[in-house]
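Start counting at 1 in the sequence shown, then tack on 1, and there's your number in this note's numbering.
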Amino acid sequence: MDDGTRSEEYAARLQRREEARWKRWLDVQAPYRWHLRRLDLGFTLDVGCGIGRNLVAIEGVGVDHNPITVDLARDRGLAAYTPAEFADSQYAVAGRFDSLLLAHVVEHMTGDEAAALLAGYLQYLRPGGRVVLIAPQEAGFRSDETHVEFMDHSALRALLEQHGLEVIREYSFPFLRPIGRVLRYNEFVSVGLRRAAT
Numbered sequence: 002m003d004d005g006t007r008s009e010e011y012a013a014r015l016q017r018r019e020e021a022r023w024k025r026w027l028d029v030q031a032p033y034r035w036h037l038r039r040l041d042l043g044f045t046l047d048v049g050c051g052i053g054r055n056l057v058a059i060e061g062v063g064v065d066h067n068p069i070t071v072d073l074a075r076d077r078g079l080a081a082y083t084p085a086e087f088a089d090s091q092y093a094v095a096g097r098f099d100s101l102l103l104a105h106v107v108e109h110m111t112g113d114e115a116a117a118l119l120a121g122y123l124q125y126l127r128p129g130g131r132v133v134l135i136a137p138q139e140a141g142f143r144s145d146e147t148h149v150e151f152m153d154h155s156a157l158r159a160l161l162e163q164h165g166l167e168v169i170r171e172y173s174f175p176f177l178r179p180i181g182r183v184l185r186y187n188e189f190v191s192v193g194l195r196r197a198a199t
């Protein structure tokens, strides 16, 4: 995993991006918050929660390997933990969560690292629960030097299927797929289902 995402500078950059005046005036995050709510994720474990941008839109708990971003998320009144803290928390119970969300996370590592990360948290997903993977398209991928591996729908599908999850939905958000080549905020979204035991 890229150590750049563990740094104080990375945390500061996330905060600067979110607090940009023009973004507050236009509320550019509104469509993304709406999108997450529309997914109806239930109680969610946000893996790689950063400063809590997605946690404010959902009911859940965040975990991130950067202790500075975890502190910033907590300052917002959100439940956020480092991996070690999460493992010792009341939430680290098998099957506790309805969904796992990895939004703008897996592109920061190799495919093998992403597979290991997902494997480490799948135990907390209930049978019948969903895994939602969100990754940037081309323009977004190029915009961040901490990005490691481009994860399109085929790569996200392979990651979900590698863990026995059934891919139930794949789409581009907020605009059609070709827009992602020029708009850095266009995303791949892939949803996997953990089948209930029969």
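We put the CB at the ideal spot given by N, CA and C, even for glycine.
Would you check if the distance between the CB atom of residue i and the CB atom of residue j is smaller than 8 Å?
i    : j    : result
I69  : E19  : no
L102 : V48  : yes
Q138 : A95  : no
N55  : T6   : no
W42  : V133 : It should be noted that the sequence gives Leu, not Trp, for residue 42. Yes, these two residues count as a Cβ contact at 8 Å.
A198 : L160 : no
Where do the ends of the alpha helix (DSSP H) carrying residue i lie?
i    : result
V107 : No alpha helix (DSSP H) contains V107, which DSSP labels as neither H nor E.
D72  : P68 to D76
L15  : E9 to E20
L160 : H154 to Q163
Would you mind sorting residue i into buried or exposed? The rule is 16 or more other CB atoms within 10 Å of its CB.
i    : result
D65  : buried
P175 : exposed
T111 : exposed
I169 : exposed
Y11  : buried
E86  : exposed
G63  : buried
According to DSSP, residue i sits in a beta bridge with which residue or residues?
i    : result
F189 : A136 and S173
A81  : G63
R38  : Paired residues: none, contrary to the question.
R131 : S100 and L194
E86  : For E86, which the question treats as bridged, DSSP gives no partner whatsoever.
V48  : V64
E167 : L194
Tell me the residue span of the beta strand (DSSP E) that contains residue i.
i    : result
L123 : L123 -> no beta strand (DSSP E), and no H or E assigned at all.
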